[in-house]
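Encoded as structure tokens, the structure appears first; notes follow it.
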Amino acid sequence: MIHYISGGQRSGKSAYATQQALDMSDNPVYLATSRIWDQDHQARIQLHKNSRDTRWDNIEEEKYVSRLQLEGRTVVFDCVTLWLTNFFVDNHYEIDAALEEAKQEFELFIQQDFNLIIISNEIGMGVHASTDASRKFADLQGWMNQYIAQKADKATLMVSGLPLTLK
Numbered sequence: 071m072i073h074y075i076s077g078g079q080r081s082g083k084s085a086y087a088t089q090q091a092l093d094m095s096d097n098p099v100y101l102a103t104s105r106i107w108d109q110d111h112q113a114r115i116q117l118h119k120n121s122r123d124t125r126w127d128n129i130e131e132e133k134y135v136s137r138l139q140l141e142g143r144t145v146v147f148d149c150v151t152l153w154l155t156n157f158f159v160d161n162h163y164e165i166d167a168a169l170e171e172a173k174q175e176f177e178l179f180i181q182q183d184f185n186l187i188i189i190s191n192e193i194g195m196g197v198h199a200s201t202d203a204s205r206k207f208a209d210l211q212g213w214m215n216q217y218i219a220q221k222a223d224k225a226t227l228m229v230s231g232l233p234l235t236l237k
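Here it is, written out as structure tokens:
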């Protein structure tokens, strides 16, 4: 089962996803995909870590999530945007290469039999990006979101803390 959850920044995606996972499992996995870019980002990561109690198994993996053995588990993947950023940067801001590598990794990852709750951002719904790299990333994010949403069994859009069922 794949449940795709998308929305804007601070829309309630993570809180909703973690509650969904706890409703499904007494011992879910929180899969964090972020690199630590600066002190502010590190503080946000710590805030997320502090919000999870001992029921959670926490795993950090920047890119190669398919290497993880999560068969039979309930997994919150947080988040596609940060995971995709790693492919984008490592591919020197080449959209096609980053998208292809991310799609391949995602396909390998979802071969496992598990409950996957995958969080992503809808970054293309806000202000038009001011730099070339930001515009490229917004396109990349949109294409990857579409790809994952098509694979998902269920899709939810979070707006102001409210879940809107898409499929």
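Residue numbers for the sequence shown follow the working numbering, beginning at 71 and rising by one.
Here a beta-carbon is modelled for each residue, glycine too, at the ideal position from N, C-alpha and C.
Note that the structure is predicted; figures quoted are calculated from it, not measured.
The beta carbons of V146 and A91 sit closer together than 7 Å.
Cβ neighbours of Y163 within its own chain (closer than 7 Å, five residues either side excluded): A203, K206. Looking from the CA of A87, the closest CA among R137, F176, H118, D166 belongs to H118. Listed in chain order, the non-local C-beta contacts of L227 below 7 Å within the same chain comprise S76, G77, L234, L236, local neighbours out to five positions each way being set aside. Annotation for I106: Q112 place their beta carbon closer than 6 Å to its own, counting only its chain and skipping 5 residues before and after.
The beta carbons of A167 and F158 sit no closer together than 7 Å. Here the C-alpha atom of Q139 lies approximately 25 Å from the C-alpha atom of N120. In the same chain as M94, and ignoring 5 residues on each side of it, the C-beta atoms closer than 6 Å to its own belong to T144, N185, in chain order.
According to the DSSP secondary-structure assignment, L234 is paired through a beta bridge with L227. Residue state for F147 is assigned as strand, using DSSP reduced to three classes. Each residue's CA atom was taken as its position, placing D160 and A172 some 11 Å apart. Under the criterion of beta carbons closer than 8 Å, N156 and D127 do not qualify as touching, at roughly 22 Å.
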